[in-house]
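The structure appears right after this line, and notes come after that.
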Amino acid sequence: MIELVGAACALVGTVCAGTVAHECTHAAVLAGFGVPYEIEWFPRTRGFAGSRALASVTPRSIPAGLPRWRLRTAAIVPVVLTVPFWPVVVGLVPDPLRTGGPAVQAAAVGWLACAIPSPADFSLFWHAGEFVDGATADPERPDQDGR
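Converting from the sequence shown to the numbering used here requires adding 6 to each position, the first position being numbered 1.
Structure representation (structure tokens):
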């Protein structure tokens with residue numbers, strides 16, 4: 007029973023830390039490319055409580071002439087959270103899913119889950135051109151400068 011509680015705590019803690027890391031990777035890349043952004047924690051979105059976003063990084067405006075690949079990079083960058091597991095893949099360190107206890111396994115799974123880009127991330131990746139061209143501008147958001 008104590009192992010189960012430890013695993014649950016490890017999972018929750020790792021998912022919290024991983025969510026922050028996931029959103030910060032988006033923010034870091036956007037900042038590096040000169041795109042102003044806003045991070046919102048626990049945004050009010052439609053849907054059931056279990057399907058709501060925990061956080062959101064939203065560009066406030068898209069600079070004119072921004073290459074599409076920059077938005078695509080910002081959208082897909084959370085995959086870098088898998089870097090700590092690369093030594094496992096090449097056999098330099100033991101696999102925590104095979105050798106670790108339940109808490110280590112839960113932490114590994116939680117961290118890797120946070121490395122997966124969200125559906126919104128994939129949407130931005132595939133439709134970056136619409137964002138750059140201003141086709142998806144929200145007229146309710148005056149801070150987007152009409153884009």
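Even glycine gets a Cβ: it sits at the ideal position worked out from N, Cα and C.
Integer-rounded CB distance, given that residue j should sit under 8 Å from residue i
i    : j    : result
V85  : A121 : 6 Å
H154 : V83  : Because the chain spans 7 through 153 in this model, residue 154 falls outside it and cannot be assessed.
A16  : A80  : No, A16 and A80 are not in contact; Cβ-Cβ is about 29 Å, not under 8 Å.
Same chain, Cβ closer than 6 Å to residue i, neighbours up to 5 away in sequence not counted
i   : result
T20 : A113, G116, W117
F91 : none
Selection from the options that minimises the alpha carbon distance to residue i
i    : options          : result
A13  : V138, L103, F128 : L103
T88  : A33, S129, P123  : P123
V63  : L77, G71, P73    : L77
G135 : A59, L98, P69    : P69
A119 : C22, S67, C15    : C22
L10  : P93, V95, G107   : G107
Rounded separation between residue i and residue j - CA only
i    : j    : result
L36  : P42  : 7 Å
P111 : F48  : Inspection of the sequence shows that residue 111 is occupied by Gln rather than by Pro. Answer to the nearest angstrom: the Cα atoms are 27 Å apart.
E29  : I8   : 32 Å
D139 : D101 : 45 Å
Own chain, CB closer than 8 Å to residue i, minus 5 neighbours either side, in chain order
i   : result
V99 : P93
Close Cβ partners of residue i (< 7 Å) along its chain, the five nearest in sequence each way excluded
i   : result
G40 : P69
Contact test: residue i Cβ vs the ligand MG heavy atom, cutoff 7 Å
i    : result
D127 : You won't find the ligand MG in this model; it holds no ligand whatsoever.
Scan the stretch 62-95 and note each continuous alpha helix (DSSP H) run of 4 residues or more that stays entirely inside, going in chain order. Considered as a whole, the stretch 62-95 harbours 74-82, 92-95 as its complete alpha helix (DSSP H) runs of no fewer than 4 residues, in chain order.
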